[in-house]
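Each remark here refers to the structure printed beneath this line.
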Amino acid sequence: MAEKNPLTTPSPNADTKIVPPGSTQTHTEHAPGGHGAAFPPFESHTFLSQLIWLALAFGLLYYLMSKVALPRIEAILNDRSNRLSADLDQAQRMKAEADAAGAAYEKSLREAQAKAQGIAQDTRNTLSAEADAKRKTLEAELNQRLAASDATIRARTAEAMGNVRSIAGETASAIVERLTGQAPDPATLNRALDATPALN
Amino acid sequence: MAVSVDPIHQFELQPLVSLGHIGNQQIAFTQSALYMFVAVGIIALLTIVATSGRSVVPGRLQALAETLYEFIADTVHQATGAEGKRFLPLVFSLFMFVLILNLLGMIPYAFAVTSHLIVTFGLALVVILTVVIYGVAKHGTHFLGVFVPSGVPKPLLLIMVPIEIVSFLSRPISLSVRLFANILAGHIALKIFAFFVVQLLVAGAWGVLSPLPLALTIALTALEFLVAALQAYVFATLTAVYLADALHPGH
Chain A
137 MAEKNPLTTP SPNADTKIVP PGSTQTHTEH APGGHGAAFP PFESHTFLSQ
187 LIWLALAFGL LYYLMSKVAL PRIEAILNDR SNRLSADLDQ AQRMKAEADA
237 AGAAYEKSLR EAQAKAQGIA QDTRNTLSAE ADAKRKTLEA ELNQRLAASD
287 ATIRARTAEA MGNVRSIAGE TASAIVERLT GQAPDPATLN RALDATPALN
Chain B
759 MAVSVDPIHQ FELQPLVSLG HIGNQQIAFT QSALYMFVAV GIIALLTIVA
809 TSGRSVVPGR LQALAETLYE FIADTVHQAT GAEGKRFLPL VFSLFMFVLI
859 LNLLGMIPYA FAVTSHLIVT FGLALVVILT VVIYGVAKHG THFLGVFVPS
909 GVPKPLLLIM VPIEIVSFLS RPISLSVRLF ANILAGHIAL KIFAFFVVQL
959 LVAGAWGVLS PLPLALTIAL TALEFLVAAL QAYVFATLTA VYLADALHPG
1009 H
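These protein sequence lines are chains A and B, in that order. The C-terminal position of the first sequence is numbered 336 in my numbering, with every residue numbered one higher than the one before it. The C-terminal position of the second sequence is numbered 1009 in my numbering, with every residue numbered one higher than the one before it.
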């Protein structure tokens, strides 16, 4: 940007452009809009200088990138991905542990339930067995009593029925004695009683 | 300093320290060289100083450095496969160097180093020499397979091989001219349109038209930023593609 540069070749018309030493070109007067100037990118006398600086700068850059910057960035990225995968692994492991603990809990819960059910079933079975036994004793007792009552009733009925025959015989003999004045023959009476279906 | 309306003036080299001559070559530490070292300094700042913490959770600059690294590493990996990793420093250096120099050139009054063909040609030469030297060292004469497309009938090879040779030889030229021409043309266009604004403003009633070139200048500036980044990417990608030839000749 410096309009005047003391370090350039001390030409009378000191311009800031690089002028080839042997050049007799006089395009040093660089008036605004002066289209007589050579096209800077094609001024071949600057090429060697530019290539030297390019080689130095790019060589330095390549050295810095390949020896320092890129290995470091790669290390950072590797470190991060390693750490991420390690963290993920750990999370996975913890999840597996939690799952195992959950499964164990479920298992013990199921076992406890099964046990409780077993106990309940046992108790129910015992109780119902006891109740059954009691009921059976009771039923047997009741049946016995019923049978006894039945027997009594049948005995009484038979007894009563026996009495009915003797009463009927006595009544019949009394009626016949009253009507005829003489007691009927007991054999006849018995035959008559036998012939009466209601008395048998 | 006097305002120059010459759109070419911005590309002139200003010697800061003159170091004498070799033949007719003038050796001087110019502003161009200064910009190159400034670019190296900026890149070192970004990739070395910003990552010195080596933090697992990166700060902004470290995140930027990591993003750039992964971007170029992906590009190289896609073009060359796993073996291309050894060329990552080269491609990364080229990409960052071109990118930072292009962007530095976008600062008003700054100098665009990449607008000089010899610089871009020097970078392209680095690429092509790497391809040739590595290719020959690794594959010997098999490297010549790069000129013989596979699966082509024998008679066609008579035509194809010269085409491939020309295409190979034109690579350093196309690589360097593409970058140089983009940056040069962009800066000239910017300067011309910006100067239109001034010209219209001092032309009396025509001054009402001055917003038009101003808008165009603004749009061009945005475009030039895109070009600055895009050309750096193109340079890096093509480098990776050419390096793939060195790794696998006979495509």
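Even for Gly, the Cβ is constructed at its ideal location relative to N, Cα and C.
Sorted by chain position, which residues of the same chain lie with C-beta nearer than 8 Å to A/Ala308's C-beta, five sequence neighbours on each side aside?
For this step, residue 308 of chain A is matched to residue 172 along the first sequence. These residues qualify, in order along the chain: Pro320, Leu325, Ala328, Leu329.
What does A/Asp223 touch in chain B if you count any residue whose Cβ is under 8 Å from its own?
Counted from its first residue, the first sequence places residue 223 of chain A at position 87. Under the 8 Å cutoff, chain B gives no residues; its nearest Cβ is about 11 Å from A/Asp223.
Just to make sure I have the definition right: I need the residues of chain B whose C-beta is within less than 8 Å of the C-beta of A/Met201. Which are they?
Indexing the first sequence from 1 puts residue 201 of chain A at position 65. Within 8 Å Cβ-Cβ: Ile801, Thr805, Pro847, Phe850, Ser851, Met854.
For B/Met864 and B/Pro765, what's the separation of their Cα atoms in angstroms?
The residue labelled residue 864 of chain B in the question sits at position 106 within the second sequence. The residue labelled residue 765 of chain B in the question sits at position 7 within the second sequence. Between B/Met864 and B/Pro765, the C-alpha separation is close to 15 Å.
Measure the Cβ-Cβ separation of B/Gln820 and B/Ala808 and say whether it is below 7 Å.
Position 62 of the second sequence, counting from 1, holds the residue named residue 820 of chain B. Position 50 of the second sequence, counting from 1, holds the residue named residue 808 of chain B. In this structure, B/Ala808 lies closer than 7 Å to B/Gln820 by Cβ.
Using 8 Å as the cut-off, can you tell me whether the stretch 182-200 of chain A makes contact with the stretch 788-804 of chain B, which would need three or more C-beta pairs spanning the two stretches below that distance?
Flag = yes, the stretch 182-200 of chain A and the stretch 788-804 of chain B touch.
By DSSP, does A/Pro157 sit in helix, in strand, or in coil?
In the first sequence, counting from the first residue as 1, residue 157 of chain A sits at position 21. Here A/Pro157 scores only 47 on pLDDT, less than 50, and its place in the model should not be relied on; the value that follows carries that caveat. A/Pro157 falls in the coil class under three-state DSSP.
Is there a Cβ of chain B sitting closer than 7 Å to that of A/Thr164, yes or no?
The residue you call residue 164 of chain A lines up with position 28 of the first sequence. Confidence is the limiting factor: at A/Thr164 the pLDDT is only 41, short of 50, which leaves the residue's position unreliable and the question unanswerable from this model.
Give me, in chain order, the residues of the same chain whose beta-carbon lies closer than 6 Å to that of B/Val718; leave out the 5 immediate sequence neighbours on both sides.
Since the first residue shown for chain B is 759 and the last is 1009, residue 718 of chain B is missing from the structure and cannot be characterised.
In terms of alpha-carbon separation, which member of B/Thr997, B/Leu803, B/Tyr827 lies closest to B/Leu933?
Numbered from 1 along the second sequence, position 175 holds the residue referred to as residue 933 of chain B. If we check each option's Cα against that of B/Leu933, B/Thr997 comes out closest.
Report yes or no: do the stretch 293-311 of chain A and the stretch 271-282 of chain A share at least 3 C-beta pairs separated by less than 8 Å?
no
How long is the line joining the alpha carbons of B/Ser873 and B/Ile941, rounded to whole angstroms?
Numbered from its first residue, the second sequence carries residue 873 of chain B at position 115. Numbered from its first residue, the second sequence carries residue 941 of chain B at position 183. Roughly 5 Å between the two C-alpha positions.
By the criterion of Cβ-Cβ separation under 8 Å, what are the contact partners of A/Leu206 in chain D?
Looking at the structure shown, chain D is missing, and the protein chains on hand are A and B.
Does B/Ile891 have its Cβ less than 7 Å from a Cβ in chain A?
Counted from its first residue, the second sequence places residue 891 of chain B at position 133. Closer than 7 Å: no.
With a 10 Å radius around its C-beta and 16 neighbouring C-beta atoms as the bar for buried, classify B/Ala952 as buried or exposed.
On the second sequence, position 194 is the one that residue 952 of chain B refers to. Residue environment analysis places B/Ala952 among the buried positions, since at least 16 neighbouring C-beta atoms fall within 10 angstroms of its C-beta.
Between the beta-carbon of B/Phe901 and the beta-carbon of B/Val910, is there less than 7 Å?
Position 143 of the second sequence, counted from the start, is the residue given in the question as residue 901 of chain B. Position 152 of the second sequence, counted from the start, is the residue given in the question as residue 910 of chain B. No, these two residues do not count as a Cβ contact at 7 Å.
Distance check for A/Arg229 and B/Ser925, CA to CA, integer angstroms please.
By 1-based counting over the second sequence, the position of residue 925 of chain B is 167. By 1-based counting over the first sequence, the position of residue 229 of chain A is 93. Computed Cα separation, rounded: 57 Å.
Return no unless some Cβ of chain B is closer than 7 Å to the Cβ of A/Tyr241.
Here the question's residue 241 of chain A lines up with position 105 in the first sequence. No, its Cβ sits nowhere closer than 7 Å to a Cβ of chain B.
Just to check, is the beta-carbon of A/Ala291 closer than 6 Å to a non-hydrogen atom of the ligand FMN?
As far as ligands go, the structure on display features none, and thus does not contain the ligand FMN.
Please classify B/Thr788: does DSSP put it in a helix, a strand, or coil?
For this step, residue 788 of chain B is matched to residue 30 along the second sequence. The answer is strand: DSSP assigns B/Thr788 an E or B state.
For chain A, is any of its Cβ atoms less than 7 Å away from the one on B/Glu982?
Translated into positions along the second sequence, residue 982 of chain B becomes position 224. No, no contact with chain A.
Taking C-beta pairs closer than 7 Å, name the residues in chain A that B/His874 reaches, listed in chain order.
One-based indexing of the second sequence puts residue 874 of chain B at position 116. When 7 Å is used as the limit between beta carbons, B/His874 is near these residues of chain A: Pro177, Gln186, in chain order.
Would you call the stretch 223-239 of chain A and the stretch 812-828 of chain B touching, i.e. three or more CB-CB distances under 8 Å?
These segments do not touch.
Please work out which residues of its chain come closer than 8 Å, Cβ to Cβ, to B/Val985, disregarding the five sequence neighbours upstream and downstream, and give them in chain order.
Sequence index remark: in the second sequence, residue 985 of chain B carries index 227 (1-based). Closer than 8 Å at Cβ, skipping near neighbours: Asn860, Asn940, Ile941, Gly944.
Please report how far the alpha carbon of A/Ala256 lies from the alpha carbon of A/Ala250, in whole angstroms.
Numbered from its first residue, the first sequence carries residue 256 of chain A at position 120. Numbered from its first residue, the first sequence carries residue 250 of chain A at position 114. Whole-angstrom Cα-Cα distance: 10 Å.
For B/Ala804, which residues in the same chain have their Cβ closer than 7 Å to its Cβ, ignoring the five residues on either side in sequence?
Position 46 of the second sequence, counting from 1, holds the residue named residue 804 of chain B. Looking at the sequence shown, residue 804 of chain B is not Ala but Leu. Answer for B/Leu804: Leu819, Leu822, Ala823, listed in chain order.
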